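Residue 656 is where the sequence shown ends in the numbering used here, and the numbering goes up by one at each step.
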Amino acid sequence: MTDMKKSTSSQGIEPLHEVKGLDRGHLSRPKLVALALTAMTPGMGMVLVPVLVFTYSGMASWTSLLIAMVAAMCIGAAVTTFARRYVVTGSLYSYVSHALGGWARCITGASLFLGFILMLASIVAACGLFIGSFLTSIGIANANEVGIQAVIYLIVLAISAAIVIRGLDASVRTSVILSAIAIPPIVIITIASAIHTGLHLSSQFDLGKLTFNQTFQGVVGALAFMIGFESCAALATETRDPKRTLPWALIGVPAVLAVLWIVPTIAQVPGLAEASDQIAAGASPSAVLSIQAGLGETFAKATDLIFAIEAFVALVGFLNYGSRVFATLGIDRLLPPRLAAVHPRLRTPVVAIVVSSVLGLLAMISMVFAVGDITKGFTAIATLLAYAWAPSYLLIAVGAIVVTLRERGVRLGVIVASIFVIVTMVGIYVNGFVNPPSAPYDAMVWIAFVALAVIVFAFLILQRVGARQESRARESDRTPDMMADRPVSAQSVPD
162 MTDMKKSTSS
172 QGIEPLHEVK
182 GLDRGHLSRP
192 KLVALALTAM
202 TPGMGMVLVP
212 VLVFTYSGMA
222 SWTSLLIAMV
232 AAMCIGAAVT
242 TFARRYVVTG
252 SLYSYVSHAL
262 GGWARCITGA
272 SLFLGFILML
282 ASIVAACGLF
292 IGSFLTSIGI
302 ANANEVGIQA
312 VIYLIVLAIS
322 AAIVIRGLDA
332 SVRTSVILSA
342 IAIPPIVIIT
352 IASAIHTGLH
362 LSSQFDLGKL
372 TFNQTFQGVV
382 GALAFMIGFE
392 SCAALATETR
402 DPKRTLPWAL
412 IGVPAVLAVL
422 WIVPTIAQVP
432 GLAEASDQIA
442 AGASPSAVLS
452 IQAGLGETFA
462 KATDLIFAIE
472 AFVALVGFLN
482 YGSRVFATLG
492 IDRLLPPRLA
502 AVHPRLRTPV
512 VAIVVSSVLG
522 LLAMISMVFA
532 VGDITKGFTA
542 IATLLAYAWA
552 PSYLLIAVGA
562 IVVTLRERGV
572 RLGVIVASIF
582 VIVTMVGIYV
592 NGFVNPPSAP
602 YDAMVWIAFV
612 ALAVIVFAFL
622 ILQRVGARQE
632 SRARESDRTP
642 DMMADRPVSA
652 QSVPD
């Protein structure tokens, strides 16, 4: 930590602060990689990624997903540039400061603050979709209404927060066990759906019908599921040998997910095209594809519960990540310092865990109220998430180039990967403004832009207030010293 502060100070950048009191060096490489992979819910992604991308890109959805996966691996390469050099608790927020200074750190902090809230909201919405579909299938007619969904969100977030508060070991055990049971059912569904409908490869690989607008909207949808995979860097302090361990997760996770998600997308798209009306009505993709492929209603009901459980796993992972980032923002007084408090026995940032859970709950309920539908609410929040997180990816890519050039090392791979990330992130924003999707999703890019501006402004105010409070505290600390300089009698001098 001392070396880190010296390096930043020598470059004219304000020294970084990291969260104290966490369980240092606790996570082994297998545990970190397991948590990083399960937090991305590979099984649930095999269900929801195809339908989310299909909503935007149609039959050629695999092209958007491929671009998103390449972008994710390039992001991993850019983040690895920092992970091999610095051990931080603020993930991209802390890394950016080492390359670009305070202004970039403020923007990245705003992006991650909004992003983690939306991430938790989107994951809890996925839980609500699957649980609602199951409850509907057993005769509970109002399971997809806002009131019942809000109760589901509350219960799921409360249980996941309780697990995260108990510590990383509890999180890893829960994540690995629950995630392992989700892969076999979706493999069965994917194969059955492909056999039932056929692959229609001539339509899926007809690139002549692709448009820039559809492709980039699909990239936004796909990135909504890839976003945050690098957040495992927030656990660097708690990881054993983090400078070697983190790159395994940062490069390995998107590579594994690329295989797990692109192949099922090609297999499922024809079935999704046939079932688009049912999915739009609120039925889960796994249930619809199961029944459509002849697997039966019992199997469909079971898959709904299985994938609701895996969505719960993602909540556990991202509550761990987001709470560390929120706590780091609290240390730097961009958020209230109370968020940085770490429980002395459990060694977890309890206040940050609770606050981020509450904000995620409120965000999802608000979105469902705004659009009036849980399926549209999920798609809208996932789209908004991509626009909110994009600035942090853009800045980390620029920062990776700066660090590489500053050290005068010719690392062409890092520079090319970072340029690809920059082009992709800029393209996402430009396309969102120039060729917006249909309502209500067309408003998401504007909401993200305005929300980020408001958060940056609030951060600057909180930081200024915090600086004044620190200044007053230093002045009050100096007062006893000034009194001590005054002449005293010999009788008042202690032995």
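Just so you know, even glycine gets a beta-carbon here, dropped at the ideal spot from N, CA and C. Keep in mind that this is a model prediction, so the values were computed, not measured.
DSSP three-state call for T297: helix, strand or coil?
Per DSSP, reduced to three states, the secondary structure at T297 is helical.
Counting only the same chain and skipping the five closest in sequence on each side, list residues whose C-beta sits under 8 Å from that of A322.
Hits under 8 Å: L480, I514, V515, S518.
I427 to Q378 span [Cα, whole Å]:
18 Å
Buried or exposed by the 16-neighbour rule on C-beta atoms within 10 Å, applied to P135
There is simply no residue 135 to check, as the chain begins at 162 and stops at 656 in what is shown.
Buried or exposed for D438, please, with buried defined as at least 16 other CB atoms from any protein chain shown within 10 angstroms of its CB.
exposed
Quick one, are the C-beta atoms of Y602 and A531 less than 9 Å apart?
no
What is the rounded straight-line gap between the Cα of R548 and the Cα of H357?
Contrary to the premise, residue 548 reads as Tyr rather than Arg in this sequence. Distance between the alpha carbons of Y548 and H357: 36 Å.
Measure the CB-CB distance between I342 and I470 and report whether it falls below 9 Å.
yes
Look at the alpha carbon of V208 and the alpha carbon of V348, and state the distance between them as a whole number of angstroms.
Rounded to the nearest angstrom, the two C-alpha atoms are 10 Å apart.
With a cut-off of 8 Å on the beta carbons, I'd call F291 and K462 a contact; round off their distance for me.
That belief does not hold up - the Cβ atoms of F291 and K462 are roughly 10 Å apart, past 8 Å.
T250, DSSP secondary structure in three states:
Reduced to three states, the DSSP call for T250 is coil.
Reduced DSSP category for D509 - H, G, I as helix; E, B as strand; rest coil
Reading off the sequence shown, one finds Thr at residue 509, where the question assumed Asp. Of the three classes helix, strand and coil, the one that applies to T509 here is coil, per DSSP.
Tell me, which residues are paired with L188 by DSSP?
Answer is T400.
Buried versus exposed, by CB contacts within 10 Å (16 or more), S363:
exposed
Between the CA atoms of G204 and F468 - distance to the nearest angstrom
Cα-Cα distance, rounded: 7 Å.
Three or more C-beta pairs below 8 Å linking the region 415 to 426 and the region 226 to 243:
yes
Using C-beta distances below 7 Å, list every residue in its chain close to G521, excluding the 5 sequence neighbours before and after it, in chain order.
I278, L281, A282, V285, L318
With three or more beta-carbon pairs closer than 8 Å as the criterion, would you say the region 481 to 497 touches the region 298 to 318?
no
For S298, which residues from the same chain have a beta carbon less than 6 Å from its beta carbon, with the 5 sequence-adjacent residues on both sides left out?
The residues are K462.
Quick check for students: name the residue ranges of the alpha helix (DSSP H) that lie wholly in the region 395 to 464, counting only runs of 4 or more.
403 to 435, 437 to 441, 446 to 453
Three Cβ pairs or more, each shorter than 8 Å: is that satisfied between the region 248 to 259 and the region 580 to 596?
no
Does the region 444 to 456 touch the region 265 to 274, meaning 3 or more C-beta pairs lie closer than 8 Å?
no
Backbone secondary structure at I388 - three-state DSSP:
coil
Evaluate S579 with the Cβ neighbour count: other Cβ atoms within 10 Å of its Cβ, from every protein chain shown; 16 or more gives buried, anything less gives exposed.
buried
Using beta-carbon positions only, say whether A244 and A397 come within less than 9 Å of one another.
yes
Apart from the five residues on each side of it in sequence, which residues of its chain come closer than 7 Å, Cβ to Cβ, to I608?
Counting only Cβ-Cβ distances below 7 Å, and skipping sequence neighbours, we find L545.
Look up R494 in the DSSP assignment and say whether it is helix, strand or coil.
Looking at R494 - three-state DSSP - the assignment turns out to be coil, as it is neither helix nor strand.
Cβ of L450 within 8 Å of any heavy atom in the ligand MG?
Inclusion of the ligand MG in the displayed structure is not the case, the ligand content being empty and no account of it being possible.
Taking C-beta to C-beta, are L421 and A238 nearer than 9 Å?
no
Distance, Cα to Cα, T464 vs A619?
About 43 Å.
Distance check for W223 and P431, CA to CA, integer angstroms please.
12 Å
Out of T335, R629, G219, point me to the one whose CA is closest to A472's CA.
Out of T335, R629, G219, T335 has the C-alpha closest to the C-alpha of A472.
Please report the straight-line C-alpha distance between I320 and A475, rounded to a whole angstrom.
Approximately 13 Å, taken between the alpha carbons.
DSSP-derived helix/strand/coil call for S258:
helix
Can you tell me whether T372 is helix, strand or coil according to DSSP?
coil
Test item: CB-CB of F386 and A197 under 9 Å:
no
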